[in-house]
Amino acid sequence: MKGAGFTAALPFVGALGAYAALRGLHGGLAEETIYFIVGILAVGSAALGSFVAALTLDAGDYMRRPWALMGTCYGLLALNALLFRTTSRFEAQDISALSVALSGVLLFVGNAASVWGTVQIARAYRVAGLDLQVPPALRWLAVSISLAIALALVGELTLDDLKTLAGGNLHVLPSLASNTGDVVSLTLIAPILLTAFALRGGNLGWPWSLLAFGSLGWLLYGAAPMVGTALGVDESLMRAFGASLRTFACLSQMSAGLLQALVVMEPERPLPAYLLAP
Numbered sequence: 276m277k278g279a280g281f282t283a284a285l286p287f288v289g290a291l292g293a294y295a296a297l298r299g300l301h302g303g304l305a306e307e308t309i310y311f312i313v314g315i316l317a318v319g320s321a322a323l324g325s326f327v328a329a330l331t332l333d334a335g336d337y338m339r340r341p342w343a344l345m346g347t348c349y350g351l352l353a354l355n356a357l358l359f360r361t362t363s364r365f366e367a368q369d370i371s372a373l374s375v376a377l378s379g380v381l382l383f384v385g386n387a388a389s390v391w392g393t394v395q396i397a398r399a400y401r402v403a404g405l406d407l408q409v410p411p412a413l414r415w416l417a418v419s420i421s422l423a424i425a426l427a428l429v430g431e432l433t434l435d436d437l438k439t440l441a442g443g444n445l446h447v448l449p450s451l452a453s454n455t456g457d458v459v460s461l462t463l464i465a466p467i468l469l470t471a472f473a474l475r476g477g478n479l480g481w482p483w484s485l486l487a488f489g490s491l492g493w494l495l496y497g498a499a500p501m502v503g504t505a506l507g508v509d510e511s512l513m514r515a516f517g518a519s520l521r522t523f524a525c526l527s528q529m530s531a532g533l534l535q536a537l538v539v540m541e542p543e544r545p546l547p548a549y550l551l552a553p
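In our numbering, the protein residues as written are 276 to 553.
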């Protein structure tokens with residue numbers, strides 16, 4: 276598929292570029308501004324790619340809604356960043372209670388859209404009648420492993436957020452919304468990876484592979500603070516690394532959307548017969 280290789284390479288090039296640009300910063304207003312610019316460009320690109328994919332699909336196409344939902348999620352993340360100048364849930368927010376509540380609402384709606392879209396993406400193979408050539412027991416095992424990893428990464432943080440919220444502290448709302456959405460979305464990495472593997476070799480394998488890369492990027496982004504603390508890595512280095520992982524995840528979503536649009540514009544090669552369930 277013409278242009279697929281270049282589009283698929285963008286997340287890797289962008290993440291490396293972001294890390295190279297951020298690791299040399301040494302504090303001050305310029306550092307915060309550059310981190311903000313990198314973050315807002317990343318989520319904005321993801322929203323753009325997702326909406327491009329949605330708009331190129333027919334109104335009755337099953338995948339049109341999940342692409343639109345993912346675009347809505349990233350669009351709300353971008354809006355939240357512009358309003359409250361924060362692009363990461365790990366950044367402390369020094370804003371009013373009203374702003375915290377509004378930010379929490381934006382992130383809750385955004386994460387709800389992401390969860391809904393991810394669920395629909397994860398079950399797309401069923402709707403399309405594809406046989407993933409994986410026994411049901413193995414599929415459930417993969418989902419269980421994904422859930423265990425998700426809970427290990429953000430489960431404790433989510434429980435802490437709930438306890439803090441129960442104590443009347445509304446400042447935890449944005450973090451709670453993000454962490455809850457992460458638990459569900461990370462759990463669904465397994466079926467997305469299995470679908471991407473099954474579609475390898477065809478045009479549709481390109482966008483699905485990038486969706487899988489994006490999911491893995493968010494998984495690594497969630498794990499980065501925990502791993503960095505355990506290894507005693509310098510805080511500034513881990514911040515740059517975390518931002519580059521976030522950039523990779525967002526650009527993977529953008530590239531997946533653009534590749535989906537390319538698939539629509541170019542006839543799909545027939546799927547292997549073994550993928551078509553009887």
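Glycine included, each C-beta is placed from N, C-alpha and C at the ideal position.
From a predicted model like this one, the values you see are computed outputs, not experimental measurements.
CB of residue i within 8 angstroms of CB of residue j, strictly
| i | j | result |
| --- | --- | --- |
| Y294 | V318 | no |
| M529 | A343 | no |
| S325 | G489 | no |
| L332 | V539 | yes |
| S527 | G497 | no |
| A536 | V327 | yes |
| I467 | L486 | yes |
| S473 | Y400 | A small correction: the amino acid at residue 473 is Ala; Ser does not occupy that position in the sequence shown. In this structure, Y400 lies closer than 8 angstroms to A473 by Cβ. |
| G314 | A372 | no |
| V375 | L432 | no |
| L520 | L495 | yes |
| A283 | L534 | yes |
| F523 | A499 | no |
| L297 | I309 | yes |
| E541 | N444 | no |
Opening and closing residue of the alpha helix (DSSP H) in which residue i lies
| i | result |
| --- | --- |
| S519 | E510 to M540 |
| G350 | R339 to F359 |
| V375 | A372 to A397 |
| L413 | P411 to A425 |
| G480 | G480 to L506 |
| G335 | Unbroken run through G335: none, as it is neither H nor E. |
| R298 | A279 to R298 |
| L437 | E431 to A441 |
| A465 | I464 to A473 |
Reference residue i, options the options, closest by Cα
| i | options | result |
| --- | --- | --- |
| G456 | L512, M345 and L358 | M345 |
| W415 | G430, L373, N444 and L469 | L469 |
| W483 | A397, L382, V459 and E510 | A397 |
| E307 | E541, A518, Q535 and C525 | A518 |
| V380 | L351, G430 and R298 | L351 |
| V458 | D509, V394, V508 and F287 | V394 |
| S453 | P411, V384, S511 and F281 | V384 |
Closer than 7 angstroms: residue i CB and nearest the ligand MG heavy atom
| i | result |
| --- | --- |
| A329 | Questions concerning the ligand MG fall outside what the structure shown contains, since it holds no ligand whatsoever. |
Chain B within 8 angstroms of residue i, Cβ atoms only
| i | result |
| --- | --- |
| D436 | Absence of chain B from the displayed structure is noted, only one protein chain being present. |
Next item on the list: Assess, as a yes-or-no matter, whether the region 384–402 is touched by the region 432–443 under the definition of 3 or more beta carbon pairs within less than 8 angstroms.
Entry: Touching, no.
Item checked: Cβ pair count under 8 angstroms reaching 3, the region 457–470 against the region 414–427 -> Look at the beta carbons and you see the region 457–470 touching the region 414–427: at least three pairs across the two are nearer than 8 angstroms.
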